[in-house]
Amino acid sequence: MKLLSKTVTTFSLVFLISLTAFAKGDPDAKKDGHSDPVNTPEEIEEYIVHHTKDSHDFHLFTHYPDGEESHVGFPLPVILWGENGLTAFMSSAFHHDDAGKEIVEKGGSRFVKIHGKIYELNAGASTVEFDDAHHPTNATAPFDLSITKSVLGILLIGLLMLFLFGRLAKQYKTQKIPTGFARVLEPLVIYVRDEIAKPNIGAKYRKFTGYLLTVFFFVWILNLLGLAPFGFNVTGQLAVTAALAIFTLVIYLASSNKHFWSHQLWMPGVPYLLRPLLAVIELAGTLIIKPFSLMVRLFANITAGHIVVMSLIAIGINMQNDMTAVGSTTLSLVLSMFITLIEVLVAFLQAYIFTMLSALFIGMAVEEHDHH
Amino acid sequence: MEQLLENFSLDLFVKQTILFLLLIFLMVKFAWKPILNALNEREDNIQGALDAAEKAKMEMENLQADNKKLLNEARAERDAMLKEARDMKAKMIADAKDEAKVAADQMIAQAQAAIESEKKAAVADLKNQVASLSVDIAEKVVRAELADAGKQQKLVEDLLGDAKLN
């Protein structure tokens, strides 16, 4: 019975829906150490932080039949470019080890996985040595081309978008008004074009609408996927939002006109002494602050959303001693339901804001002189 | 900040950049371009149809106004024609009446003249007949009267007596 309740508790964490109506807190959990489910506040925190990160395998949940740790999920391909060229194997080769203990030998190189990152041991080394900050000292990081969970999410959503919108595009060849699910997509496309691209960019909107539509649907669908019970957290990866922000930066720098740069570097209508100072501020804004704010806003909102939802689910475990199992579960269920609903709104809102600001920055760069 | 940098994975950044670039190109080529073109074309069509409908409505209104004008003109013309016909009828009747009156007067005058002349002739004839009859009678009476001397005497005396009285 105790075992069952623990399994169910872990389930609830992974599926973001608390099913722990009769789960019991276990004060002795720590004693058994590693083979126990996530139960103490420290373990929960670690679990949450782990979830928000990218990973090399697709992990659905862990359960503990007969006290043994058992992971349910599937491995993903690991592709590495290291000292000895290209190497590929399945992530199951690491056997869920994340501390550098399991060594995979492939193509003359030895690989270990430490905190979600794969290292290649230096020639001759057979075990990993760590420095004080727990960084490996005798291993280097190869270039990692693996299909990680985030990459899988990106690929899946890319294919889904191509399929859905490709079908919508195909429908226009035979009929004026789309039917079926494509009819739902059409107003969304029109919304992005008419409410985001046109008002912010102006007459030249057509050239940039393709990028804006791609960003909007990519971010929105991935945000929603992050809320679905598979634990994708793609738009909560700093690398992903950084790449998106840099796309916007490159696009508005590449399309900026003379008028834009004259205002950046030598602002008309201000005293001459202030102009160099303003130029520095404007340049910092254009080159650093704008893309940085785009990157951090999306990353922070999505990550914070995930952490809040999981923390509220964790109430079901953390507060059991104070307010009984039923009370804490009810509280966590109600709060996490509420926050999840808000997160659905945030998923759309962040996609909208990212696209809107991208359009605004592009609009500033291509603005014509006669607007003043 | 350090935590942020630790979260940043250059590998994932490179993979995302390449995949997203690919996605943009594929989406623009296979989805956004045909979709936006179709939408624009459809919106142009709708605008065109609306404009055409507006134009047709205006034309219809013009046509209706023309029709009304024509109808009014026709009605006025009809009224004028009716009035003219009525006038003509009245005039014809009046003329006919006058003519008839003149003819009747003439005929009456002729008839009267004829009656007058007939009457005169009849009177003249009667006078002649009476005269001749009177002469005959007088002759016969005188013959009868003057058959004896007494009577003759007496007549002369009467005649003389009358003459005295005259």
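Going down the list, the protein sequences come from chains A and B. Quick note: to get this note's numbering, add 86 to the position in the first sequence (first position is 1). Quick note: to get this note's numbering, add 43 to the position in the second sequence (first position is 1). All C-beta atoms, glycine included, are put in the ideal place defined by N, C-alpha and C.
Please check if any C-beta of chain B sits within less than 8 Å of the C-beta of residue i.
| i | result |
| --- | --- |
| I460/A | This structure does not reach residue 460/A, given that chain A is present from 87 up to 458, and the question cannot be answered. |
| K376/A | no |
| S141/A | no |
| F304/A | yes |
| S236/A | yes |
| V336/A | no |
| G312/A | no |
| M247/A | yes |
| Q436/A | no |
| A328/A | yes |
| L299/A | yes |
| I276/A | yes |
| Y291/A | no |
| G239/A | no |
| F77/A | Look at the range of chain A in this structure, 87 to 458, and you will see that residue 77/A is not part of it. |
| F251/A | yes |
Can you find the residues in the same chain that come closer than 6 Å, C-beta to C-beta, to residue i, ignoring five residues on each side of it along the sequence?
| i | result |
| --- | --- |
| A328/A | M381 |
| L308/A | I243, V320 and T321 |
| I130/A | V124 and A400 |
| F497/A | The question about residue 497/A has no answer here: the residues shown for chain A are numbered 87 through 458. |
If you measure from the beta carbon of residue i to each beta carbon in chain A, is any gap under 8 Å?
| i | result |
| --- | --- |
| Q59/B | yes |
| D54/B | yes |
| A74/B | yes |
| L62/B | yes |
| L79/B | yes |
| L82/B | yes |
| R118/B | no |
| M70/B | yes |
| L66/B | yes |
How many Å lie between residue i and residue j at the Cα?
| i | j | result |
| --- | --- | --- |
| L316/A | T226/A | In the sequence under discussion, the amino acid at residue 316/A is Phe, which differs from the Leu named in the question. Spanning the two alpha carbons is a distance of roughly 31 Å. |
| H149/A | G159/A | 11 Å |
| I136/B | E120/B | 24 Å |
| H157/A | T334/A | 40 Å |
| E37/B | D138/B | Residue 37/B cannot be examined here, being either before or after the span of chain B that is shown, 44 to 209. |
| L373/A | A331/A | 11 Å |
| L161/A | V275/A | Position check: residue 161/A holds Pro in this sequence, whereas Leu was assumed. P161/A and V275/A: Cα-Cα distance of roughly 36 Å. |
| L55/B | L64/B | 14 Å |
| N83/B | L245/A | 26 Å |
| G259/A | N80/B | As written in the sequence, residue 259/A is Lys, which differs from the Gly given in the question. Cα-Cα distance, rounded: 11 Å. |
| L271/A | L254/A | 8 Å |
| A157/B | L169/B | 18 Å |
| W167/A | F378/A | 30 Å |
| L114/B | I89/B | 37 Å |
| G449/A | I67/B | 19 Å |
| T416/A | G402/A | 8 Å |
| I165/A | G194/A | 15 Å |
Identify every residue that forms a DSSP beta bridge with residue i.
| i | result |
| --- | --- |
| D143/A | P161/A |
| K203/A | I200/A |
| D205/B | Answer is none; D205/B lacks a bridge partner. |
| S156/A | H149/A |
| P222/A | F216/A |
| F229/A | W167/A |
When DSSP labels each residue in this structure, what does residue i get in the three-state scheme?
| i | result |
| --- | --- |
| S414/A | helix |
| A209/A | coil |
| L183/A | Here residue 183/A is Asp; the residue named in the question, Leu, does not match the sequence. Here D183/A sits in coil by DSSP. |
| V190/A | strand |
| F267/A | coil |
| P315/A | coil |
| W347/A | helix |
| S195/A | strand |
| W352/A | coil |
| M124/B | helix |
| M176/A | strand |
| G391/A | helix |
| Y291/A | helix |
| V452/A | helix |
| P362/A | helix |
| N309/A | helix |
| G322/A | coil |
Could you pull out every residue in the same chain whose Cβ sits closer than 7 Å to the Cβ of residue i, ignoring the five residues on either side in sequence?
| i | result |
| --- | --- |
| K284/A | Y291 |
| I240/A | V320 |
Using a Cβ-Cβ cutoff of less than 8 Å, which residues in the same chain neighbour residue i once the five nearest sequence positions on both sides are dropped?
| i | result |
| --- | --- |
| E104/B | none |
| V436/A | First, the amino acid is wrong: residue 436/A is Gln here, not Val. These residues qualify, in order along the chain: V305, N309, T321, R383, L384, N387 and I388. |
| D87/B | none |
| L364/A | M353 and V356 |
| R269/A | I263 |
| M409/A | L417 |
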